[in-house]
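Just so you know, we're using our numbering here: the sequence shown kicks off at 58 and counts up by one.
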Amino acid sequence: MLVVGIDRKTGEKALAIKEKYPNLVEVALGFHPHEVKKITDADYTWLEQNLDKALALGEIGLDFYKEYSPREVQFAHLERLLSIARNFRKPVVLHLRGDANFWDLAISFLKPYQDLKMVFHCFTANWDVAKRLLDFESIISIPGVVTYPKADELKEAVKNIPLDRLILETDCPFLSPQPMRGKRNEPSYLVYTAEAVASLKGIPVEDLAEITTENFFKFFEIN
Ligand SMILES: [Zn+2]
């Protein structure tokens, strides 16, 4: 599993988990758009010094929904982080969230970075958006939201996204799948997300589990 940091503190925690379970855990290190207003040059030094231990650079991205950091600050940090990913030849785990007009802006911002491999984390948008994200060298990560009764657009997108371009995620502690909704999310609940995606794809959940696991290994080039 990939344990993802959102700043230096959580990145260090992720590294400690990896140290404890080196055969089970990989980490992503990065600065979440919510956090970037607090990120300093010293944080960047830490990131560059530890990136060799990480499978990917993330979470990084843009969040215009909550907008906890000003938009210009988010853009500036994302640009700096994408350049680091390029220099260190790391895939990126992207957090992208905004209103209906947001996607045009986000996609055109990412265009100059088409050489990077991208995980579109916590995907909850529609098939039109997914199609455009699939033009990148990318994989789309589906959270527990797919189990929610009202998530019709997302369900439609999941039906259409090619099976070899999908992975699953918890986004824990957030977004617990429907049977556990309201509780703190955790990796064991991923089974509900897997069941929902398998039924949308019309395949047994065991096959879905195998395919998405294989997708993860292939995408991150783990042998
Ligand atoms: Zn996120």
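C-beta: ideal position from N, C-alpha, C; glycine also.
- Residue pairing for Ser165: DSSP places it in no beta bridge.
- Boundaries cannot be given for Glu124, as no alpha helix (DSSP H) includes it and DSSP labels it neither H nor E.
- Of the residues assessed, Gln131 falls on the buried side of the cut-off, its CB having 16 or more other CB atoms within 10 angstroms.
- When the alpha-carbon of Ile224 is set against those of Phe231, Val215, Leu232, the nearest one is in Val215.
- For His152, the shortest separation between its Cβ and any heavy atom of ligand 1 lies below 6 angstroms.
- Placement of the Cβ of Cys179 at a distance of less than 6 angstroms from at least one heavy atom of ligand 1 is found.
- Ranked by how close their Cα comes to the Cα of Glu116, the residues Arg128, Ile268, Pro127, Val84 have Val84 in first place.
- Here Thr270 is exposed. Its C-beta has fewer than 16 other C-beta atoms within 10 Å.
- The beta-carbon separation of Leu167 and Leu138, rounded to 12 angstroms, does not stay under the 8 angstroms limit for a contact.
- Arg65 sits buried, since 16 or more C-beta atoms from the chains shown fall within 10 Å of its C-beta.
- For Leu191, the CB contacts under 8 angstroms within the same chain, skipping 5 residues up- and downstream, are Ile197, Ile218, Pro219, Arg222 in chain order.
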